[in-house]
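Reviewing the structure listed below.
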């Protein structure tokens, strides 16, 4: 299995085209970066990964300054790492879990943390966040100082203290 | 009067284990003489009349606590170990926390600290035994109990309660900002004062405030006797007042720089005197004249 072979496999299947970059780490392990022009093409890529008996390692997401989200799937086929990047501006992606069950938790995580809905995902339940927390908590900006110090946002504690203080 | 035998049972209601480790240390070290109090550790809550609770009471442990409370011998005494028993500590405001424990049971003694020192735990349990004796003999619960263990000094490297030198404080709010346990509050009053409060029952003795204070106004002491009766729950506060001053030059009110800061900035004594009781604007003028007039 090499990058060229994989490229040939998805070339005819994808609809809107993509950009392919090859890379090698310091140990000589090959990896590929595929940037999709249309987010729907992820299905074709997933089908190709499945055909080669590959798996989804993990998927990551982040929110861009413009408000859109970038999702990156990381696939593994016999030790070859294929990273597929796609953009979404309507907070939805096509779920690849029906094709590759290994993407199940990663997609649910993206749904909870970033509010990006994987359409067609078989599981509607929350993965780890409590239902009292809103979807997409990682879209909110939390300053580093607040995160590091963990200082409470409420003043309930000091209100109690000030009420009972004996001066 | 018959001798009371306190039988101790311990419950962990979602503690981070910090208090539990200190508690075990306290129980094992002879120095704290828990055995001289006649305490017996029991494995069944049915036999216990001295209940020691650690942790902020997580939602999951609530039913376990309620179950244990129903089985206790009466009368019983509840001793809460750690800041969590007072205010839930760093876990407060979390959706997974139903505490503090005094929502569900009448707590008699709180031992604040994150975690408390063994001396403080020994003190709190000794106080709990006193309360138990009084309850057994049908006396009213006391409003205050004298410190039982007098030796609360620690080696110099240990951090204890924080204290404030009002003369050096400029109410810059650095300590309030860096405090991870929300134990420091600086508020201003209408008549030109700043009030600096350190709440010892929330403080975790980390010393961040002292480390970052630019004028050395806040500092750690060696004292850590934090065991208090429940009635004194919210009263353990160190209050400092920081005053505005009137400028001796233009007469306007201003926040003076601390003497410590002035001494650092002006190494010559006559210059330091020149800047006493002058607002920053007049000080700038005075120094400008001194340099260029």
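Residue numbers (full-length UniProt numbering), protein chains in the order written: chain A, 1 to 167; chain B, 1 to 293. We treat Cβ as the ideally placed atom computed from N, Cα and C, and that holds for glycine. None of these values were measured; they are calculated from a predicted model.
Looking at the DSSP output, residue 238 of chain B sits in a beta bridge with B:198.
DSSP places residue 255 of chain B in no alpha helix (DSSP H); its state is neither H nor E. Residues of chain A with a Cβ closer than 8 Å to the Cβ of residue 233 of chain B are, in chain order, 164. Closest in C-alpha terms to residue 159 of chain A, from the list B:45, B:83, B:182, comes B:182. With a contact defined as Cβ atoms closer than 8 Å, residue 179 of chain B and residue 209 of chain B qualify at about 6 Å. Around the C-beta of residue 63 of chain B, fewer than 16 other C-beta atoms lie within 10 Å, and the residue is accordingly described as exposed. Among the residues facing chain A, residue 199 of chain B is included, as its CB has a counterpart in that chain under 8 Å away. Within the same chain, and ignoring the five residues on either side of residue 50 of chain B in sequence, the residues whose Cβ sits closer than 8 Å to its Cβ are 6, 7, 8, 9, 39, 76, 77, 79, 125, 128, 129, 132. Measuring C-alpha to C-alpha distances from residue 39 of chain A to each of A:94, A:114, A:61 identifies A:94 as the nearest. For the set B:108, B:226, B:283, B:215, the Cα lying nearest the Cα of residue 264 of chain B is the one of B:215.
Secondary-structure assignment with DSSP links residue 33 of chain A through a beta bridge to A:21, A:83. When Cβ-Cβ separations below 8 Å define contact, residue 157 of chain A makes contact with chain B.
Residue pairing of residue 162 of chain B in beta bridges, as defined by DSSP: B:220. By the C-beta density criterion, residue 154 of chain A is exposed, having fewer than 16 other C-beta atoms within 10 angstroms. Look at residue 24 of chain B: its C-beta is not under 8 Å from any C-beta on chain A. With contacts defined by Cβ atoms closer than 8 Å, residue 226 of chain B and residue 200 of chain B form a contacting pair. Residues of chain B with a Cβ closer than 7 Å to the Cβ of residue 161 of chain A are, in chain order, 199, 234, 237. Note that the segment 229 to 244 of chain B does not touch the segment 115 to 122 of chain B; fewer than 3 beta-carbon pairs, one per stretch, sit closer than 8 Å.
With distances taken between CA atoms, residue 80 of chain A lies nearest to A:32 out of A:51, A:32, A:105.
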